[in-house]
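Just below is one structure, and these are the notes that go with it.
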Amino acid sequence: MKDEEMTATLSRLRIRACILADVPLLKAALRSSALQGGVSLAHHTDAISLARMNETVKTLNLRKATTQAASTHKALVTNYASHSSATAITAHEREALVAYNGAPGAKQALSRIPLFLEMPVVYRVPNQSVAMDITNRAFGTFAGWDLVKDKWGLTVPRGVIVKFSSDASWTLTGMDPGYLPIMPTRTTSTFTFTPDGVAGASRSTTRRQILLQPGFAMTVHSAQRITADGGSWSHSRLDIRQIRGLCGLWLLRVQQGETGSSYCHRSLSTI
Numbered sequence: 676m677k678d679e680e681m682t683a684t685l686s687r688l689r690i691r692a693c694i695l696a697d698v699p700l701l702k703a704a705l706r707s708s709a710l711q712g713g714v715s716l717a718h719h720t721d722a723i724s725l726a727r728m729n730e731t732v733k734t735l736n737l738r739k740a741t742t743q744a745a746s747t748h749k750a751l752v753t754n755y756a757s758h759s760s761a762t763a764i765t766a767h768e769r770e771a772l773v774a775y776n777g778a779p780g781a782k783q784a785l786s787r788i789p790l791f792l793e794m795p796v797v798y799r800v801p802n803q804s805v806a807m808d809i810t811n812r813a814f815g816t817f818a819g820w821d822l823v824k825d826k827w828g829l830t831v832p833r834g835v836i837v838k839f840s841s842d843a844s845w846t847l848t849g850m851d852p853g854y855l856p857i858m859p860t861r862t863t864s865t866f867t868f869t870p871d872g873v874a875g876a877s878r879s880t881t882r883r884q885i886l887l888q889p890g891f892a893m894t895v896h897s898a899q900r901i902t903a904d905g906g907s908w909s910h911s912r913l914d915i916r917q918i919r920g921l922c923g924l925w926l927l928r929v930q931q932g933e934t935g936s937s938y939c940h941r942s943l944s945t946i
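Residues in the sequence shown are numbered from 676 upward in steps of one, following our numbering.
Pasting the structure below:
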């Protein structure tokens with residue numbers, strides 16, 4: 676990180692050892708009900724929220740994709756994973772599989788991914804080309820997709836096009852510089868279906884989905900090796916090695932309310 680003062684402050688914040696001199700530096704930008712003059716995210720549409728838990732990240736990504744598509748008047752479609760098994764999958768089982776986005780620690784592809792043109796995404800597969808900057812956790816935006824309907828009427832992917840860079844030095848034939856088609860990948864898991872509350876036999880099920888995730892939120896752990904001009908960081912855990920400067924740091928705290936804790940946009944802060 677470029678800013679020595681902030682580096683020292685965050686190092687102390689990470690181990691819960693802040694000193695009195697850190698208070699004005701942190702409070703200067705915190706936006707809350709007590710500090711109405713704090714910085715707003717209204718003009719920072721590319722900000723990324725970092726949370727500790729995968730489940731929180733998935734919820735934030737789905738909600739933000741829906742609201743941003745509506746606010747920018749862009750058509751939103753949902754890309755559902757396709758599933759196959761050695762035995763026929765029933766409509767009830769298909770519904771259960773689509774509702775399952777994976778265990779918190781699982782690396783399985785998402786069951787459903789919202790899509791709209793220019794939506795930010797994060798590439799979540801092994802490095803394709805370091806020289807082309809197409810690596811695991813690379814940032815991009817959706818530029819197009821090819822979806823078809825399955826027998827249940829859900830849109831499943833045949834492929835998508837991701838724009839990785841506007842100034843890339845590489846170009847695929849027939850495409851603009853920095854654009855790359857991404858094909859679905861197969862992952863296999865074992866599921867136990869429980870129709871009517873009665874546990875059935877476990878069986879292997881293959882999920883076919885593009886290995887991308889919306890780029891509005893991610894876990895702190897996933898972001899530790901990402902260097903970007905914008906980023907978001909959670910109060911619960913901080914890693915400052917890859918943050919470039921003050922303009923790229925955002926803090927997110929939990930807002931306590933009558934219905935319990937929730938992550939609130941008005942609690943996002945920049946330093």
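Every residue gets a Cβ at the ideal spot worked out from N, C-alpha and C, and that includes glycine. Predicted model, so just to flag it, every value in this text is computed and none were measured.
Beta-carbon proximity list for residue i, same chain, < 6 Å, skipping 5 on both sides
i, result
"Phe866", "Thr880"
"Trp827", "Arg769"
"Glu793", "Thr816"
"Lys739", "Phe891"
"Ile788", "Asn754"
"Trp655", "The first residue shown for the chain is 676 and the last is 946, placing residue 655 beyond what the model contains."
"Val773", "Tyr755, Ser786"
Option in the options with minimal Cα separation from residue i
i, options, result
"Ala892", "Arg691, Met728, Leu700, Ala756", "Met728"
"Thr863", "Arg691, Ser760, Val831", "Ser760"
"Asn811", "Leu772, Val796, Asn736", "Val796"
"Leu855", "Val823, Met807, Lys824, Thr830", "Met807"
"Ala784", "Pro699, Tyr755, Phe817", "Tyr755"
"Asp851", "Leu822, Ile836, Ser877, Ala696", "Ile836"
"Ile885", "Arg687, Pro832, Thr762", "Pro832"
"Tyr775", "Lys733, Ala683, Arg687", "Lys733"
"Asp821", "Gln888, Asp842, Leu790", "Leu790"
"Leu829", "Asp842, Glu679, Lys749, Ala766", "Ala766"
"Gly887", "Glu680, Arg799, Gly819", "It should be noted that the sequence gives Leu, not Gly, for residue 887. Comparing Cα positions, the closest option is Arg799."
"Ile857", "Ala843, Gln743, Ala818", "Ala818"
Environment of residue i [buried if 16+ CB atoms lie within 10 Å]
i, result
"Arg948", "The structure shown does not extend to residue 948, since the chain is modelled only from 676 through 946, so no value can be given for it."
"Ala745", "exposed"
"Ile690", "exposed"
"Ser911", "With a pLDDT of 38 at Ser911, under the threshold of 50, the modelled position of that residue is not reliable, and the figure given next carries that caveat. With fewer than 16 Cβ atoms within 10 Å of its Cβ, Ser911 is classed as exposed."
"Pro699", "exposed"
"Lys824", "exposed"
"Ala696", "exposed"
"Thr860", "exposed"
"Ala692", "exposed"
"Thr762", "exposed"
"Thr747", "exposed"
"Thr684", "buried"
Neighbourhood of residue i by C-beta, 7 Å cutoff - its chain only, sequence neighbours within 5 removed
i, result
"Phe839", "Asp808, Ile809, Ala813, Gly815, Gly853, Leu855"
"Ala771", "Phe868"
"Ser757", "Asp825, Val831, Arg883"
"Thr741", "Leu751, Pro789"
"Ile764", "His758"
"Leu737", "Pro789"
"Thr848", "none"
Three-way DSSP call (helix, strand, coil) for residue i in this model
i, result
"Thr848", "coil"
"Asp697", "helix"
"Thr810", "coil"
"Thr734", "helix"
"Ser840", "coil"
"Thr747", "coil"
"Val773", "helix"
"Thr742", "helix"
"Thr902", "Model confidence at Thr902 stands at a pLDDT of 43, short of 50, so the residue's coordinates are unreliable; what they give is reported in the following sentence. Here Thr902 sits in coil by DSSP."
"His910", "In this prediction, His910 scores a pLDDT of 38, lower than 50, which makes its location untrustworthy; no coordinate-derived value is stated."
"Ala892", "strand"
"Thr684", "helix"
"Leu818", "For the record, residue 818 in the displayed sequence is Ala; it is not Leu. The answer is strand: DSSP assigns Ala818 an E or B state."
Residue i CB to nearest heavy atom of the ligand ZN below 6 Å
i, result
"Arg812", "The ligand ZN is not among the ligands present in this structure, which contains no ligands whatsoever."
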